[in-house]
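Q:
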Amino acid sequence: MLHHITLTVNGDAFELDVDPRRTLLEALRDKLELRGTHLGCNTGDCGACTVLLDGEPVPSCLVLAVDADGHEVTTVEGLVQDGQPHPVQNAIVAHGGIQCGYCTPGIVISSVALLKRNPHPTEAEVREAIAGNLCRCTGYQKIVEAVMDVANGK
Amino acid sequence: MWRMASNPPAFSIVGQRIPKLDAIDKATGHAEYGHDVHLPGTLVGKILYADVPHARILSVDVSRAKRLLGVKAVITGADNPARKFGYGADNTPLKADKVRTRRDEVAAVAAVDEDTAEEALELIRVEYAPLPALFDPAAALAEGAPLVHEDKASNLFTRYNYSHGDGERAFDAADVVVEGDFDLPYVTHGAMETSFCLAAFDLQGRVTLWSTTQIPFLLQRDLAEALGIPGRDIRVIQPAIGGAFGRGLDVYPFEPIAALLAKAAGKPVRIAFTREEEFIASATRQPAQVHVRSAAKRDGTLWARDARLLLDAGAYISWGAVTPLVMMETVASLYHVPHARFVADVVYTNNPPTGAMRGYGNPQSTFFVEVQMDELADRLGMDPVEFRLRNANGPNEETPQGLRITSCGLRECIGEAARRIGWQTKDNSRQKDREPQAEDKASHLRQGIGIAATLNVGGGARIYRSDGCGATVKVDDFGRVTLITGSTEIGQGSETALAQIVAECMGVCLEDVTVLNSDTSVKPWDVGTHASRTTFIAGNAARRAAEDAKRQILEAAAKLLRVPAADLETRGRLIFPRGEASRAVSFDKVVRSMHYREGGNVVVGTGWYDPPTHLVDKDTYKGNISAAYGFGAQAVKVEVDIETGKVRVLRIVAAHDVGRAINPMYVEGQIEGGIQMGIGYALTEQLQVREGRILNPSFLDYRVPTALDMPPVESVIIETADPEGPYGAKGVGEMGVTPTAPAIANAIYNAVGVRMTQLPMTAERVLRELKKKE
Ligand code: FES
Ligand code: FES
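Quick mapping for you: the protein sequence lines, in order, are chains A and B.
Per our numbering, the very first residue in the first sequence carries number 23; after that it's consecutive.
Per our numbering, the very first residue in the second sequence carries number 218; after that it's consecutive.
1. Does the beta carbon of Lys243 of chain B sit closer than 9 Å to a beta carbon anywhere in chain A?
2. With a cut-off of 8 Å on the beta carbons, I'd call Arg560 of chain B and Ala530 of chain B a contact; round off their distance for me.
3. Using a Cβ cut-off of 8 Å, which residues of the stretch 67–93 of chain A contact any Cβ in chain B, in chain order?
4. Flag Asp368 of chain B as yes if its beta-carbon sits less than 9 Å from any beta-carbon of chain A, otherwise no.
5. Our contact map puts Tyr345 of chain B next to Val269 of chain B with C-beta atoms below 8 Å; I'd like the distance itself, whole angstroms only.
6. Could you name the residues of the stretch 119–147 of chain A whose beta carbon sits closer than 7 Å to any beta carbon of chain B, in the order they occur along the chain?
7. With a threshold of 16 other CB atoms inside 10 Å of the CB of Ser82 of chain A, please say whether the residue is buried or exposed.
8. Name the residues in the stretch 53–66 of chain A whose C-beta lies less than 9 Å from a C-beta of chain B; which are they?
9. Do Glu99 of chain A and Thr245 of chain B have their CB atoms nearer than 9 Å?
10. Count the other C-beta atoms from every protein chain shown that fall within 10 angstroms of the C-beta of Val288 of chain B, then say buried if there are 16 or more, exposed otherwise.
11. Where does Ala173 of chain A land, buried or exposed, given buried means 16+ other C-beta within 10 angstroms?
12. Could you run through the stretch 898–915 of chain B and flag, in chain order, every residue whose CB is less than 8 Å away from some CB of chain A?
13. Suppose the cutoff is 8 Å on Cβ atoms and the five residues either side in sequence are ignored; what does the same chain contact list for Leu778 of chain B look like?
14. The beta strand (DSSP E) spanning Pro347 of chain B covers which residue range?
15. Evaluate Phe695 of chain B with the Cβ neighbour count: other Cβ atoms within 10 Å of its Cβ, from every protein chain shown; 16 or more gives buried, anything less gives exposed.
16. First and last residue of the alpha helix (DSSP H) that includes Ile454 of chain B?
17. Which same chain residues end up closer than 6 Å to Ala878 of chain B when comparing Cβ atoms and leaving out the 5 residues on each side of it in sequence?
18. Would Tyr577 of chain B be called buried (16 or more neighbouring beta carbons within 10 Å of its own) or exposed?
19. So Ala755 of chain B and Thr702 of chain B are in contact, right, with Cβ under 8 Å, and what is the actual spacing, rounded?
20. Under 8 Å, with one C-beta from each stretch per pair, do the stretch 585–595 of chain B and the stretch 374–386 of chain B reach the 3-pair mark?
21. Residues with a Cβ closer than 6 Å to any heavy atom of ligand 1, in chain order?
22. Give a yes or no on whether the C-beta atoms belonging to Ala968 of chain B and Val855 of chain B are separated by under 9 Å.
23. Give me, in chain order, the residues of the same chain whose beta-carbon lies closer than 6 Å to that of Gly188 of chain B; leave out the 5 immediate sequence neighbours on both sides.
24. Starting from Gly886 of chain B, trace the alpha helix (DSSP H) both ways and give me its first and last residue.
25. Report, in whole angstroms, the separation of the C-beta atoms of Leu358 of chain B and Asp684 of chain B, which I expect to be a contact under 8 Å.
26. Output yes if chain A places a C-beta closer than 9 Å to the C-beta of Thr795 of chain B; else output no.
27. Can you tell which of B:Glu472, B:Ala461 and B:Pro781 has the C-alpha that lies nearest to the C-alpha of Ala443 of chain B?
28. Look at the alpha carbon of Tyr1079 of chain B and the alpha carbon of Ala521 of chain B, and state the distance between them as a whole number of angstroms.
29. Mind checking which residues open and close the alpha helix (DSSP H) that includes Lys854 of chain B?
30. Could you tell me whether any non-hydrogen atom of ligand 2 is closer than 8 Å to the CB of Leu180 of chain A?
31. Please report the Cβ distance between Val453 of chain B and Thr429 of chain B, rounded to the nearest whole angstrom; I am assuming they are in contact, meaning their Cβ atoms lie under 8 Å.
32. Is it true that the CB of Val169 of chain A sits closer than 9 Å to the CB of Val115 of chain A?
33. For a test of the three-state rule: what should DSSP assign to His556 of chain B, helix, strand or coil?
34. Looking at C-alpha atoms only, which residue of B:Met811, B:Ile666 and B:Ala845 is the closest neighbour of Glu614 of chain B?
35. For Glu478 of chain B versus Ala325 of chain B, is the C-beta distance shorter than 9 Å?
36. Within the present structure, is the beta-carbon of Gly891 of chain B separated from the nearest heavy atom of ligand 2 by less than 8 Å?
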């Protein structure tokens, strides 16, 4: 039995018929073709699938698509406004915080959420905010530096 | 970043901190990874694993699975002739007669969706007759042990036996000997993107594979063997790869299985590992049981080493079985070692197959070598830094093993790492048995510092007959320079470094250069991305191709400007007679002049680079397998909680001799990322394997360091301008990971006086050693 849901993704409203067992991650990737949100584990342990759900970062692999009914979702693609990447996206690029880049969308989303609720975090707070986002390539240092730069208005 | 250069770089693009060419795509979610590739009508492929460690297959009944609605193909070993592939030529895509490990592939299905494919797997019935299984390599070597491969005489795949110097007599002549057993665990790559393969046949029987491989051309060859079709009918495409770290150095059964399913179903088939499957069915770093002795003379001369290793290869032999070649290099050639012996037995068991992983044997051997260096210094009553400096390799030396070391900054690396961690300062006094200060006594935290160094191949590694890479550079009418390189980008940033080399060489801007590296039907041949070789080998090939293209353009420009080509200079997309920038013509104009004339030509430069190295001698294992060697030293400061045994790394200084940093930002990235893997190896990561079963196949139970676990890392780039490297560069991909664990072990000793010889150094293990010491 498919369920009919309505949700807003990156500012656009969508109506979808979804299987109640399918996750928000699957709906985003397979139905809306927003493949910037990545699958790393499907068990909530890696953060590659992080999106903003009503402004809060959540692992979209743990959210059922039906539970997103009536809610607002922002994915990494949605952070680009009028062709301009978000400052966090630019900073992470400029600092060399991206290697394979598979973790990057999730880390960008977690960092954007942090800066929204705490515009001037300490380095420890940045690390705390991205602790649920595993990166196997970078050692996190350049990512943390990038987010701190954005916070410091650099 | 600190950068120490022997001669300051005078380049315009080489040496710049330039973001990866694809970074903005990755930051905005627009990069396309394997998991993102969608072809219409693609089926989901799933594999049935044996889950019994060693058994004869009596029957495989797939009739019910085949009847399930939505199932398009079910294949087994019985309906696919057993074509062996892999380094040991001992593996088949699907097993027909017997299974040798729990992860053995017994059957596979292709279905319209994930759920149907899963359901179909559940409907397959396999009957096994269990065989006695071997989980301990020592037991596998015992007389009368059951054979993992019955067509082989024993479970010993091979023995590596190396020596130089006087053997046992050297130990008699030494003043100080230390001896110990080391126990090194299974760890795994844990790339954030799981293994992926999508196979699609065309109507002429040709197959295209989208793959997370690091060796597209060897995959082409191995796949041809496994499928029984000519290699020319196989095309490999590499989308963006979400991490690899050596995982993609071998061909795994799932790749030919995807192709077999696609063939059987007549539709494209994708196999994307689940995370659990990634832990269970991709390779691991070899666990090692090691007995080592190291010896020195009273005056502080390192004298001898003897290492005996038992390496559990698991049920199939991959390129991972060749890692002793690297391990022995560390034993025989890190520091001046007058006498060295290395014996490693690579053994078949019914455990999970092991493979290549970043460092390729070096994290294991650097651990025991550098821990014993510390022990020797301690026994000699010498400062560990002084002991290392005294015995350090230097430039332009040949080691007894035949490594021809040209550029070498090991002493500088050790010196800088030690100085910056504060080695000499009073509060970090290296007295391990110093009286705890008053405030220390009250607290249960003890701090210590430690150091370890590393020697790595930095100019390719000839483990295949060829260590070559091809490159093509074409320049179009509009001045777009396209580098087509055989090498593979796995996230490390090699394509950006290669673009920098090409732009520097030609005198164009970086943004003019496009790099194509993802399609075997387009790119020239390459061995693959491994052994930290890409910047060095592919960099030299790219440079040669760029020089060739530039020569063609300069010859045409010479005609336009009526100046001999040798008197022309290029800079910022312009070509002009040396010193006369006002007479400049642009690249695009010159290229157009070649296209629009009688007897014209296209600008296509080619380059091939195969370094001047040799395979090691097959009996003595001596020889110079790399055209350059990279060095490094890491100094760490740790804090040990003596009540819980918990170790926290407070700070790391990592000084690495990379020859020349083509892109210092990504050199640091390699070092920082390597250290993260090194900290995992040191403190938290271990695949728990019991009776051939992996008990912790999730990120919840297999602890990869998070941002909270990482200390500040200070990278120091030592530049020694290697004579053979492109613009002096040497490889850096692996050496960040190798010295981290021993440096931490040595710091723990400095803090609390216990020698850790088992990894990971968990709180529980440290506490056990502390209790023993009491
Ligand atoms: S995929 Fe959702 S947390 Fe890993
Ligand atoms: S950049 Fe590769 S996982 Fe983070």
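Note that CB positions come from ideal geometry on N, CA and C, so glycine has one too.
A: Quick answer:
1. yes
2. A small correction: the amino acid at residue 560 of chain B is Val; Arg does not occupy that position in the sequence shown. Between Ala530 of chain B and Val560 of chain B the Cβ distance is about 16 Å, and since that is not below 8 Å, they are no contact.
3. Asp67, Cys68 and Ala70
4. no
5. 5 Å
6. Ile120, Gln121, Cys122, Gly123, Tyr124, Cys125, Thr126, Pro127 and Val130
7. buried
8. Glu55, Leu56, Arg57, Gly58, Thr59, His60, Leu61, Gly62, Cys63, Asn64, Thr65 and Gly66
9. yes
10. buried
11. buried
12. Ser915
13. Leu785, Ile792, Phe793, Pro794, Arg800 and Val802
14. Arg342 to Pro347
15. exposed
16. Taken as a continuous stretch (DSSP letters only), Ile454 of chain B belongs to no alpha helix (DSSP H), being part of the beta strand (DSSP E) at Ile451 to Ile454.
17. Val884 and Ile934
18. buried
19. 5 Å
20. no
21. A:Leu61, A:Gly62, A:Cys63, A:Asn64, A:Gly66, A:Asp67, A:Cys68, A:Gly69, A:Ala70, A:Cys71, A:Pro81 and A:Cys83
22. yes
23. Because chain B here runs from 218 to 991, residue 188 of chain B falls outside it and cannot be looked at.
24. Pro881 to Ile896
25. Their Cβ separation, rounded to whole angstroms, is 33 Å, which puts Leu358 of chain B and Asp684 of chain B out of contact at 8 Å.
26. A small fix is needed here, since residue 795 of chain B is Arg in this sequence, not Thr. No, because no Cβ of chain A sits closer than 9 Å to the Cβ of Arg795 of chain B.
27. B:Glu472
28. Nothing in the structure corresponds to residue 1079 of chain B, since chain B is present only between 218 and 991.
29. No alpha helix (DSSP H) contains Lys854 of chain B, which is instead part of the beta strand (DSSP E) from Tyr846 to Asp858.
30. Beyond the ends of chain A as shown, which are 23 and 176, falls residue 180 of chain A; an answer cannot be given.
31. Contact flag wrong, Cβ pair sits at about 11 Å.
32. no
33. strand
34. B:Ala845
35. What sits at residue 478 of chain B in the sequence shown is Leu, not Glu. For Leu478 of chain B and Ala325 of chain B, yes; Cβs fall inside 9 Å.
36. no
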